[in-house]
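A.B. asks: Numbering (UniProt numbering), first residue to last: 1 to 293.
Quick one: structure below, then a few questions.
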């Protein structure tokens with residue numbers, strides 16, 4: 001399967017237009033049509049309906065594979081470039097909001113004190129965007145957080161050839177608005193909260209999908225969905241009674257108008273894991289060592 005044809009197919013489906021896909025890719029419209037026809041001939045089935053432009057059933061199935069395939073191809077290209085390149089004195093970090101902690105700031109201070117000329121760039125991204133940034137070569141290391149049983153790895157998207165290592169763990173709490181009846185409890189059981197109103201903030205608070213899996217429940221339905229990476233915004237919504245949220249203890253502390261109650265069952269921890277290529281930049285092991293101090 002030609003990756004150039006696959007890239008054209010994704011652009012057509014995303015834009016729902018052959019002409020818009022041509023403009024995005026810098027091709028003529030006829031070249032885009034030829035690419036789609038060639039891909040359909042290769043796979044032996046129609047992939048795109050023409051009027052209106054939309055994927056067929058087979059096209060929808062191909063889309064499930066197309067993005068991961070293209071990402072892995074880009075990761076392979078970047079990995080070879082890393083292998084050949086002479087690395088400058090730089091460190092680019094992609095981190096989820098809850099991975100941006102005082103411990104990370106202290107670790108950066110340590111390595112910068114040993115290398116004053118080191119250029120550090122930090123990008124705060126969503127949970128799915130962090131592994132993609134490292135695989136694409138846009139970041140030297142990624143820091144991703146989530147909830148997991150103490151002995152289990154985080155439920156991350158396919159990290160491909162990336163190495164992963166746990167760098168921090170802390171207790172998990174439920175964030176409640178001040179005055180909520182459950183604030184008088186010393187601890188809470190996750191299963192007892194499946195029918196509560198929740199705030200779905202998948203890139204900041206613990207994703208509701210992880211809570212459903214931990215509680216083995218189809219509950220935890222969101223009352224409000226919050227996109228973005230602003231943890232204080234999550235606290236404001238909880239304080240205003242728009243839903244509960246699960247957070248690590250340190251991140252929940254000090255959010256105005258809220259109370260954090262420890263989660264007692266099931267036994268879950270908030271974990272931060274680092275993701276990096278098998279042949280990382282020299283500054284990456286230094287950062288991980290500093291995080292462990």
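Ideal Cβ placement from N, Cα and C applies to all residues, glycine included.
On a predicted model such as this, the values are computed, not experimentally measured, just so you know.
Given a cut-off of 8 Å, decide if residue 146 and residue 78 are closer than it, judged by their beta-carbon atoms.
C.D. replies: No, these two residues do not count as a Cβ contact at 8 Å.
A.B. asks: Considering only DSSP beta bridges, list what residue 262 is partnered with.
C.D. replies: DSSP, once it has assigned bridges, lists 173 as partnering residue 262.
A.B. asks: Would you kindly check if the distance between the Cβ of residue 117 and the Cβ of residue 139 is under 8 Å?
C.D. replies: Going by C-beta atoms, residue 139 is not nearer than 8 Å to residue 117.
A.B. asks: For residue 56, which of 266, 165, 16, 98 has the nearest alpha-carbon?
C.D. replies: Answer by Cα proximity: 16.
A.B. asks: So who's on the other strand from residue 122, going by DSSP bridges?
C.D. replies: Looking at the DSSP assignment, residue 122 forms a beta bridge with 93.
A.B. asks: Assign residue 97 to buried or exposed, taking buried as 16 or more other Cβ atoms, counted over all protein chains shown, within 10 Å of its Cβ.
C.D. replies: Flag for residue 97 reads buried.
A.B. asks: Starting from residue 102, trace the alpha helix (DSSP H) in both directions and tell me its first and last residue.
C.D. replies: Segment 102–114, the alpha helix (DSSP H) holding residue 102.
A.B. asks: Evaluate residue 1 with the Cβ neighbour count: other Cβ atoms within 10 Å of its Cβ, from every protein chain shown; 16 or more gives buried, anything less gives exposed.
C.D. replies: Residue 1 is exposed by the Cβ-count criterion.
A.B. asks: Quick one: give me the first and last residue of the beta strand (DSSP E) that residue 54 is part of.
C.D. replies: First-last of the beta strand (DSSP E) with residue 54: 53–55.
A.B. asks: On a Cα-Cα basis, can you pick out the residue from 275, 192, 8, 290 that is closest to residue 133?
C.D. replies: When each option's Cα is compared against that of residue 133, the closest is 275.
A.B. asks: Would the stretch 147–157 and the stretch 226–239 be scored as touching if the rule is three or more Cβ pairs under 8 Å?
C.D. replies: No contact exists between the stretch 147–157 and the stretch 226–239.
A.B. asks: Could you compute how far the alpha carbon of residue 249 sits from the alpha carbon of residue 211?
C.D. replies: Cα-Cα distance, rounded: 16 Å.
A.B. asks: Measuring alpha carbon to alpha carbon, tell me which residue in 67, 130, 63 is nearest residue 92.
C.D. replies: For the residues 67, 130, 63, the minimum Cα distance to residue 92 belongs to 130.
A.B. asks: Which stretch, first to last residue, makes up the alpha helix (DSSP H) that contains residue 232?
C.D. replies: Here the alpha helix (DSSP H) through residue 232 covers 231–239.
A.B. asks: What would DSSP say about residue 49, mapped onto helix, strand or coil?
C.D. replies: DSSP places residue 49 in strand when its eight states are reduced to three.
A.B. asks: State yes or no: is the C-beta of residue 32 within less than 8 Å of the C-beta of residue 41?
C.D. replies: Not in contact: residue 32 and residue 41 (Cβ atoms no closer than 8 Å).
A.B. asks: Given 8 Å as the limit, is there contact between the stretch 167–176 and the stretch 256–269, that is, 3 or more CB pairs closer than that?
C.D. replies: Yes, since at least three Cβ pairs between the stretch 167–176 and the stretch 256–269 fall closer than 8 Å, the two stretches touch.
A.B. asks: So, are the CB atoms of residue 127 and residue 202 less than 8 Å apart?
C.D. replies: Cβ atoms of residue 127 and residue 202: closer than 8 Å.
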